[in-house]
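First up is the structure itself, then whatever we jot down about it.
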Amino acid sequence: MIPTRKNQSPDPTFEEQTYRKRNIIERMIGWFKECRALGTRYDKLAVNYVALWMVANIHHLLKKRLCFLQTGLSETT
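Next up, the structure:
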């Protein structure tokens, strides 16, 4: 969001919480589109495409958890 000038009043329709949630969703979609099959949508059936999203989500969460565990182990030893 572009900040307002000193002599302007803030935008009354801007909701900070909604903006933060939108940012999270956009980053999540960006992560998933790194997976080539999700970005190009090879699957013809919606059921298969949704399943691929679930697999990508599990993969992302496990990858994130593994990084967390590795940093946690290195800090304790």
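In this text, residue positions in the sequence shown follow our numbering: the first is 112, and each later residue adds one. Note that CB positions come from ideal geometry on N, CA and C, so glycine has one too.
Residue i versus residue j - alpha carbon distance
i: ILE135; j: GLU145; result: 16 Å
i: CYS178; j: LYS155; result: 34 Å
i: PHE125; j: LYS117; result: 17 Å
i: THR129; j: ASP122; result: 14 Å
i: ARG133; j: ILE140; result: 11 Å
i: MET165; j: THR151; result: 16 Å
i: HIS170; j: GLU127; result: 30 Å
i: VAL158; j: GLN119; result: 49 Å
i: PHE143; j: ARG176; result: 17 Å
i: LYS174; j: VAL161; result: 20 Å
Minimum C-alpha distance to residue i - residue among the options
i: ARG138; options: VAL158, ALA157 and ASN168; result: ASN168
Contact belief for residue i with residue j at Cβ below 8 Å, rounded distance in angstroms
i: ALA148; j: LEU172; result: Between LEU172 and ALA148 the Cβ distance is about 18 Å, and since that is not below 8 Å, they are no contact.
Alpha helix (DSSP H) segment containing residue i, residue limits
i: GLN128; result: 127–144
i: ARG147; result: 147–151
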